[in-house]
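**Q** My questions all concern the structure below.
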Amino acid sequence: MTASERARELALAAAQAAADKKAQDIVIIDVGDQLVITDAFVLASAPNERQVQAIVDAIEERLASLPEKAKPVRREGERAGRWVLLDYVDVVVHVQHSEEREFYALDRLWKDCPTIPFVDRALVEAE
Numbered sequence: 074m075t076a077s078e079r080a081r082e083l084a085l086a087a088a089q090a091a092a093d094k095k096a097q098d099i100v101i102i103d104v105g106d107q108l109v110i111t112d113a114f115v116l117a118s119a120p121n122e123r124q125v126q127a128i129v130d131a132i133e134e135r136l137a138s139l140p141e142k143a144k145p146v147r148r149e150g151e152r153a154g155r156w157v158l159l160d161y162v163d164v165v166v167h168v169q170h171s172e173e174r175e176f177y178a179l180d181r182l183w184k185d186c187p188t189i190p191f192v193d194r195a196l197v198e199a200e
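Residues in the sequence shown are numbered from 74 upward in steps of one, following our numbering.
See below:
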């Protein structure tokens, strides 16, 4: 079963919030066929801990402001700020320091899963 419409909505909103805070390498992976616990992963990275936290804050703020509000049921890694995980049940957001992103390579781990297309709104407006 591929990602639900709600999962897509949350993932795209999270990805745009991350992009607005200058996150790098934003990818949305549809893991619905592989996992029963979630439909999609949003992966984003930043070069330092402060930016990781800023991205996490922006994502939480954006998803809480949706018409159908979303709050994470669980947060992991905020104290260290190197890899923060936000679990929204339908979507799990991973905001990683660039070094962790390279080392753990979640992109490669889930490479057989389809991605959900995401284009930063700022890039579209610039064209």
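Each residue gets a CB set at the ideal place from its N, CA and C atoms; glycine is no exception.
Grab me the residues of V129's own chain with a C-beta within less than 6 Å of its C-beta, minus the 5 sequence neighbours each way, in chain order.
**A** As a first step, residue 129 is located in the sequence shown; it is residue number 56 there, counting from the start. If we look at V129 and ignore the five residues flanking it on each side, its Cβ neighbours are V157, V168.
**Q** Among the residues of its own chain, which have a CB less than 6 Å from the CB of R147, if the five just before and after it don't count?
**A** Residue mapping note: residue 147 aligns to position 74 of the sequence shown, counting from 1. Around R147: D160.
**Q** Rounded to whole angstroms, what's the CA-CA distance from V165 to C186? Just pull it up for me.
**A** Translated into positions along the sequence shown, residue 165 becomes position 92. Translated into positions along the sequence shown, residue 186 becomes position 113. Approximately 15 Å between the Cα atoms of the pair.
**Q** Leaving out five residues before and five after A80 in sequence, what residues of the same chain have Cβ atoms less than 6 Å from its Cβ?
**A** Position 7 of the sequence shown, counted from the start, is the residue given in the question as residue 80. These residues qualify, in order along the chain: D112, A113, D163, V164.
**Q** Could you tell me the boundaries of the alpha helix (DSSP H) in which F176 lies?
**A** The sequence position of residue 176 within the sequence shown is 103, counting from 1. Where F176 is concerned, the enclosing alpha helix (DSSP H) stretches over 171-177.
**Q** Which runs of the beta strand (DSSP E) spanning at least 3 residues fall entirely within the stretch 92-126, listed in chain order?
**A** 97-103, 113-119, all fully within the stretch 92-126.
**Q** Report all residues from its chain with a CB closer than 6 Å to the CB of D98; omit the five preceding and five following residues, and keep chain order.
**A** Counting from one through the sequence shown, the residue named residue 98 turns up at place 25. Hits under 6 Å: S118.
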